[in-house]
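Novice: Per the working numbering, residue 2 is the first one in the sequence shown, and the count goes up by one each step.
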Amino acid sequence: MSDPIITFDHVVKEFKTRGRGANIARAVDDVSLTIDRGDIFGIIGYSGAGKSTLVRLINALERPTSGTVTVLGTDITSLSETKLRPIRQKIGMIFQQFNLFAARTVYENIAFPLRKSKLSKKEKQEKVKQLLKLVELEEKADVYPSQLSGGQKQRVGIARALTTTPDILLCDEATSALDPQTTKAILELIKEINRDYGITVVVITHEMSVVQEICNRVA
Ligand code: ADP
Numbered sequence: 002m003s004d005p006i007i008t009f010d011h012v013v014k015e016f017k018t019r020g021r022g023a024n025i026a027r028a029v030d031d032v033s034l035t036i037d038r039g040d041i042f043g044i045i046g047y048s049g050a051g052k053s054t055l056v057r058l059i060n061a062l063e064r065p066t067s068g069t070v071t072v073l074g075t076d077i078t079s080l081s082e083t084k085l086r087p088i089r090q091k092i093g094m095i096f097q098q099f100n101l102f103a104a105r106t107v108y109e110n111i112a113f114p115l116r117k118s119k120l121s122k123k124e125k126q127e128k129v130k131q132l133l134k135l136v137e138l139e140e141k142a143d144v145y146p147s148q149l150s151g152g153q154k155q156r157v158g159i160a161r162a163l164t165t166t167p168d169i170l171l172c173d174e175a176t177s178a179l180d181p182q183t184t185k186a187i188l189e190l191i192k193e194i195n196r197d198y199g200i201t202v203v204v205i206t207h208e209m210s211v212v213q214e215i216c217n218r219v220a
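(1) Count Cβ pairs between the stretch 21-33 and the stretch 81-97 that sit closer than 8 Å; are there 3 or more?
(2) Under the three-state reduction of DSSP, which class applies to glycine 43: helix, strand or coil?
(3) Give every residue whose Cβ lies closer than 5 Å to any heavy atom of the ligand ADP, listed in chain order.
(4) In terms of alpha-carbon separation, which member of Tyr198, Cys172, Val202, Ile215 lies closest to glutamate 189?
(5) Using the three-state DSSP reduction, which class does leucine 170 fall into: helix, strand or coil?
(6) Assuming isoleucine 44 contacts isoleucine 169 (C-beta within less than 8 Å), just tell me the rounded distance between them.
(7) Between arginine 38 and arginine 21, what straight-line distance do the alpha-carbon atoms span, to the nearest angstrom?
(8) Please list the segments of the beta strand (DSSP E) lying wholly inside the stretch 83-157, counting only runs of 3 or more residues, in order along the chain.
(9) Give me the Cα-Cα distance between glycine 49 and alanine 28, rounded to the nearest whole angstrom.
(10) DSSP state of leucine 188, grouped into three classes?
(11) Which one of Thr165, Met209, Ala142 has the shortest CA to CA distance from arginine 116?
(12) Note the first and the last residue of the continuous beta strand (DSSP E) segment covering serine 1.
(13) Whose C-beta lies closer than 7 Å to the C-beta of threonine 183 among residues of the same chain, with five residues either side of it excluded?
(14) Return the chain-ordered list of same chain residues with a C-beta closer than 8 Å to the C-beta of lysine 154, the five sequence neighbours on each side being excluded.
(15) Quick check on arginine 218: does DSSP put it in helix, strand or coil?
(16) DSSP has alanine 14 in a bridge; who is on the other side?
(17) Return the first residue and the last residue of the alpha helix (DSSP H) that serine 67 is part of.
(18) May I have the straight-line CA-CA distance separating alanine 162 from arginine 57, to the nearest angstrom?
(19) Pull up the DSSP beta-bridge partners for proline 5, would you.
(20) In the DSSP assignment, what are the bridge partners of aspartate 76?
(21) Determine the DSSP secondary structure at isoleucine 200, reduced to helix, strand or coil.
(22) When you compare only the Cα positions, how much space is there between lysine 65 and glutamate 140?
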């Protein structure tokens, strides 16, 4: 049975572009789609097609020009920043360039999203340990990102995205900076997370092979 977790209903996003004349770039043009709980949903397109804008609409870093975006049962189209907070907590994200803190260790990077959590110190330690195990980086807890390979950096990114136990994991070109073998291993890990934790995954990519490897549905 289908169980929508993200719904786009006739979503348009336009940007005013600078330069001569008042030009408008329509980055997202009347998109309607439904992503179900448990999906690994691929969004594929050429560079400039509007993929990043589309993901940024899911966590309301961008707001639609028209249409509505519903996430986890809430219409987030014009929700205040305060009301968005609990929804954003349920969305983890990983990036092509990993976006790790260079001056923090692997452990500290993964623990970072828990800094304001009500969990006890011990519970936080347990959580980070569990995640280190999941991404197979227990031995690297105390090293800095510069000492890691690309694949290991993305594993830290994945662990950090899961620290708050999200329902949704957004992957924006998460394997585009990795070699084919490392890409395969990271995609396997994403599949495992989807299967074992029931986390819905949205995969943004320009690579058809990525979609073929892990997605059950694609736009
Ligand atoms: P993709 O992720 O598929 O490469 P993007 O979503 O980044 O595509 O961009 C889609 C289009 O929207 C591009 O033409 C881009 O130049 C334009 N665009 C994206 N963000 C902005 C912005 N903040 N201001 C103006 N134009 C933008």
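Built from N, CA and C at the ideal position, the CB exists for glycine as well.
Specialist: So, from the data block:
(1) no
(2) Reduced to three states, the DSSP call for glycine 43 is strand.
(3) Those residues, listed in chain order, are Phe16, Ala26, Ala28, Ser48, Gly49, Ala50, Gly51, Lys52, Ser53, Thr54.
(4) Comparing Cα positions, the closest option is Ile215.
(5) Leucine 170: strand per DSSP, three-state reduction.
(6) With 8 Å as the limit, isoleucine 44 and isoleucine 169 do not qualify as a contact, their Cβ atoms being about 13 Å apart.
(7) 45 Å
(8) 92-96
(9) 8 Å
(10) helix
(11) Of the candidates Thr165, Met209, Ala142, the one whose C-alpha sits nearest the C-alpha of arginine 116 is Thr165.
(12) There is simply no residue 1 to check, as the chain begins at 2 and stops at 220 in what is shown.
(13) Gly151, Gly152
(14) Phe99, Leu101, Pro146
(15) In this structure, arginine 218 counts as strand in the three-state DSSP scheme.
(16) The sequence shown places lysine at residue 14, not alanine. Note: lysine 14 sits in a beta bridge opposite Val29.
(17) It is not in any alpha helix (DSSP H) - serine 67 instead sits in the beta strand (DSSP E) that spans 67-72.
(18) 16 Å
(19) Asp37
(20) Thr71
(21) coil
(22) Looking at the sequence provided, one finds proline at residue 65 rather than lysine. Approximately 44 Å between the Cα atoms of the pair.
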